[in-house]
Amino acid sequence: GAVVSQHPSWVICKSGTSVKIECRSLDFQATTMFWYRQFPKQSLMLMATSNEGSKATYEQGVEKDKFLINHASLTLSTLTVTSAHPEDSSFYICSASFSREILQYFGPGTRLTVL
Amino acid sequence: DAKTTQPPSMDCAEGRAANLPCNHSTISGNEYVYWYRQIHSQGPQYIIHGLKNNETNEMASLIITEDRKSSTLILPHATLRDTAVYYCIVRVEQTGANNLFFGTGTRLTVIP
Numbered sequence: 005g006a007v008v009s010q011h012p013s014w015v016i017c018k019s020g021t022s023v024k025i026e027c028r029s030l031d032f033q034a035t036t037m038f039w040y041r042q043f044p045k046q047s048l049m050l051m052a053t054s055n056e057g058s059k060a061t062y063e064q065g066v067e068k069d070k071f072l073i074n075h076a077s078l079t080l081s082t083l084t085v086t087s088a089h090p091e092d093s094s095f096y097i098c099s100a101s102f103s104r105e106i107l108q109y110f111g112p113g114t115r116l117t118v119l
Numbered sequence: 022d023a024k025t026t027q028p029p030s031m032d033c034a035e036g037r038a039a040n041l042p043c044n045h046s047t048i049s050g051n052e053y054v055y056w057y058r059q060i061h062s063q064g065p066q067y068i069i070h071g072l073k074n075n076e077t078n079e080m081a082s083l084i085i086t087e088d089r090k091s092s093t094l095i096l097p098h099a100t101l102r103d104t105a106v107y108y109c110i111v112r113v114e115q116t117g118a119n120n121l122f123f124g125t126g127t128r129l130t131v132i133p
């Protein structure tokens, strides 16, 4: 149980375009989802936290207008990288938790390459 | 949340026990110790967590010192698939999910 999927697993796009990444909890209802970013040879850095039906809470230094997060249902959250640039190339990972559960269950990640 | 210190890398022979240490000398009484691992180019995987008693599950054992200032994750029979970065995280357990702070972790390499 507690499986989280992400789609796509990798994506290559041109600079200036927008990319949407989906995060789904497959066998549980996720009241909270988290989005992390990981650059090569670095650790995971939290970007934002989203609760179903509420606006996401962004970490300091993360542009909310550039990284749009939607958590419209208990099983789906999306991250849209708007007007992507090469410096946005990274490994994006989501995780999900359900009510009263502390553990986070992570998706497999999405590798974004912006040319 | 308390800060943790881990060695940057370790090697372990296949089939032997891998003992990964973690120092958390500033841990508070209500903070749990969590271990996750991340295999290359994958999302992190939960391993185990504990408060003060030793814990064991199908993946690993967690040994926490009596003063709770350090802990050791034990993989009893390491395999090549255990090669990963292991993260020790200290966090208060409370209702409602909170973010996890991933430090630099320990890169474990299991050698054939």
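Chains as they are written, first to last, in the numbering used here: chain A, 5 to 119; chain B, 22 to 133.
Note that beta-carbon positions come from the ideal geometry of N, C-alpha and C, so glycine has one too.
This structure is a prediction, so every number in the text was calculated from the model and none was measured.
Taking 8 Å as the CB-CB cut-off, is GLN66 (chain B) touching chain A? Taking the second sequence and counting its residues from 1, the one referred to as residue 66 (chain B) is at position 45. By this cut-off, GLN66 (chain B) is an interface position.
Tell me, please, which residues DSSP counts as bridged to ARG28 (chain A). On the first sequence, position 24 is the one that residue 28 (chain A) refers to. Looking at the DSSP assignment, ARG28 (chain A) forms a beta bridge with A:SER9 and A:LEU80.
Closest to GLN66 (chain B) by CA distance: which of A:LEU116, A:ARG115, A:ALA100 and A:VAL118 is it? Counting from one through the second sequence, the residue named residue 66 (chain B) turns up at place 45. The shortest C-alpha separation from GLN66 (chain B) is found at A:ALA100.
Residues that ALA105 (chain B) bridges to, as DSSP identifies them: Within the second sequence, the letter at position 84 stands for residue 105 (chain B). B:LEU129.
Is it true that the segment 33-41 of chain B meets the segment 58-74 of chain A, where meeting means three or more beta-carbon pairs spaced less than 8 Å apart? no
Starting from ASN78 (chain B), trace the beta strand (DSSP E) both ways and give me its first and last residue. Start at 1 with the first residue of the second sequence, and residue 78 (chain B) comes out as number 57. Unbroken run through ASN78 (chain B): none, as it is neither H nor E.
CB contact below 8 Å: PHE43 (chain A) versus chain B: Sequence index remark: in the first sequence, residue 43 (chain A) carries index 39 (1-based). Between PHE43 (chain A) and chain B, the shortest Cβ-Cβ separation is not below 8 Å.
With 16 other Cβ atoms within 10 Å as the buried cut-off, status of GLN64 (chain A): Here residue 64 (chain A) is taken as the residue at index 60 of the first sequence, counted from 1. Label assigned to GLN64 (chain A): exposed.
According to the Cβ coordinates, are CYS27 (chain A) and ALA88 (chain A) closer than 8 Å? Walking along the first sequence from the start, residue 27 (chain A) turns up at place 23. Walking along the first sequence from the start, residue 88 (chain A) turns up at place 84. No. Outside cutoff.
Looking at the C-beta of LEU116 (chain A), does it have a partner C-beta in chain B at a distance below 8 Å? Working through the first sequence from its first residue, we reach residue 116 (chain A) at position 112. Put simply, the CB of LEU116 (chain A) is far from chain B, with every gap to its CB atoms at 8 Å or more.
For a contact defined as C-beta to C-beta under 8 Å, what are the partners of SER62 (chain B) on chain A? Against the second sequence, residue 62 (chain B) aligns to sequence position 41. The contacting residues are PHE95, GLY113 and ARG115.
Buried or exposed: where does GLY126 (chain B) fall if 16 or more other Cβ atoms within 10 Å of its Cβ makes it buried? The sequence position of residue 126 (chain B) within the second sequence is 105, counting from 1. Buried.
Entirely within the segment 34-101 of chain A and at least 3 residues each: give me those beta strand (DSSP E) ranges in chain order. Correct list: 36-42, 49-55, 71-77, 80-85 and 94-101.
Take the Cβ of ASP92 (chain A) as the centre, count every other Cβ of all protein chains shown within 10 Å, and call the residue buried at 16 or more, exposed below. Your numbering for residue 92 (chain A) matches position 88 in the first sequence. Buried.
Going by Cα to Cα distance, which pick from A:ALA60, A:SER22 and A:MET49 is closest to MET37 (chain A)? As a working mapping, residue 37 (chain A) is identified with position 33 in the first sequence. Nearest option by C-alpha distance: A:ALA60.
Along the chain, where does the beta strand (DSSP E) that runs through GLU52 (chain B) open and close? Counted from its first residue, the second sequence places residue 52 (chain B) at position 31. Taken as a continuous stretch (DSSP letters only), the beta strand (DSSP E) holding GLU52 (chain B) covers 52-59.
Could you please tell me which residues of the segment 28-62 of chain A, in chain order, have their CB closer than 7 Å to any CB of chain B? THR36, PHE38, SER47, LEU48, LEU50 and THR53
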